[in-house]
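Residue 135 in numbering that gives the first Met the number 0 sits at position 136 of the sequence shown, and the numbers go up by one each step. Don't be surprised by glycine CBs; every beta carbon is placed ideally from N, CA and C.
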Amino acid sequence: MAKSTLVINIRPRGDEAVKPTELIQVTGHHALGLAARRMITLLWHSAHKQGIEENKDYTIPLPDLRTDRHHGSDQIKETIKTLMTTLIEVRDHTGNAETTVQVLGGNDMFKKGRKEGLLTYSFDKRLIWILKDSEIWGKISLPILMAFSTKYAVSLYENIAHVQFFEHHFDQAAYLLAATHLFPVSMHYFESLDYHIQLLSLYY
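Given below as structure tokens:
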């Protein structure tokens with residue numbers, strides 16, 4: 000039997016993120032807006048390219064975090080603060096054990112004397128403990144990620160990016176989208192995205 004490939008041992012290339020299923024199928028993130036959801040993937044992708052390790056700091060140019068060309072550093076600071084104060088529930092690769100962690104760990108965004116144009120950041124070690132054993136992932140095209148205009152479309156795209164999403168029932172999909180508390184999710188909502196999903200399939 001072939002040995003499974005761990006996500007942390009894959010080196011992502013260019014503008015395609017290799018995002019662990021455990022980081023896609025989180026719960027507790029319903030309050031996060033479009034910019035925050037995009038930024039999670041951007042920060043993971045940058046860290047992944049540098050090599051994921053426990054208690055490691057990563058760096059990313061601030062311009063890479065401008066998820067909206069109409070907003071500058073103030074929007075980035077606001078989003079960073081949101082990610083630092085948001086708690087999510089993450090399940091391990093077995094789907095059983097659940098851990099509550101901050102989306103984003105310590106960083107120097109608000110430190111005086113920080114190197115201009117560069118963010119140094121980290122992830123909670125408990126999150127890394129979970130992700131280091133991940134064997135299932137979704138390939139996320141960053142240009143496609145940036146093209147969406149709603150947080151729900153981002154969640155849907157990231158979920159369909161990995162095969163296991165298709166095994167979920169409709170009500171489970173709604174739960175993953177963290178949309179049920181805002182409005183009753185109907186099949187019509189998903190049908191309205193069908194055309195866009197077909198376009199996305201051309202990239203795979």
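Reference residue i, options the options, closest by Cα
{"i": "Asp123", "options": "Ala146, Glu88, Ser154 and Ser3", "result": "Glu88"}
{"i": "Glu134", "options": "Trp43, His29, Leu31 and Thr93", "result": "Thr93"}
{"i": "Lys110", "options": "Ile139, Arg90 and Lys80", "result": "Lys80"}
{"i": "Ser140", "options": "Ala16, Tyr57, Leu22 and Arg12", "result": "Ala16"}
{"i": "Ala46", "options": "Leu144, Gly112 and Gly104", "result": "Gly104"}
{"i": "Leu86", "options": "Leu118, Pro62, Leu144 and Gly27", "result": "Gly27"}
{"i": "Leu64", "options": "His44, Asp56 and Lys55", "result": "His44"}
{"i": "Asn106", "options": "Asp14, Thr78, Asp91 and Ala96", "result": "Thr78"}
Residue i, DSSP secondary structure in three states
{"i": "His168", "result": "Here His168 scores only 40 on pLDDT, less than 50, and its place in the model is too uncertain to base an answer on."}
{"i": "Ile7", "result": "helix"}
{"i": "Lys48", "result": "helix"}
{"i": "Ala160", "result": "coil"}
{"i": "Arg65", "result": "coil"}
{"i": "Val25", "result": "coil"}
{"i": "Lys18", "result": "strand"}
Rounded distance between the beta-carbons of residue j and residue i, thought under 8 Å
{"i": "Leu82", "j": "Val102", "result": "4 Å"}
{"i": "Leu130", "j": "Val6", "result": "7 Å"}
{"i": "Lys48", "j": "Gly137", "result": "About 17 Å; that fails the 8 Å criterion."}
{"i": "Glu157", "j": "Ile23", "result": "5 Å"}
{"i": "Thr58", "j": "Leu118", "result": "7 Å"}
Burial state of residue i (16 or more Cβ within 10 Å)
{"i": "Ser3", "result": "exposed"}
{"i": "Val31", "result": "Sequence inspection shows Leu at residue 31; the Val mentioned does not correspond to that position. Answer is buried; the Cβ neighbour count reaches 16."}
{"i": "Arg10", "result": "exposed"}
{"i": "Arg12", "result": "exposed"}
{"i": "Ala35", "result": "buried"}
{"i": "Ala152", "result": "buried"}
{"i": "Ser72", "result": "exposed"}
{"i": "Lys150", "result": "buried"}
{"i": "Thr84", "result": "exposed"}
{"i": "Ala160", "result": "buried"}
{"i": "Asn54", "result": "exposed"}
Taking the runs of the beta strand (DSSP E) that are 3 residues or longer, which of them lie wholly in the stretch 79–151? 86–90, 97–101, 117–120 and 136–140
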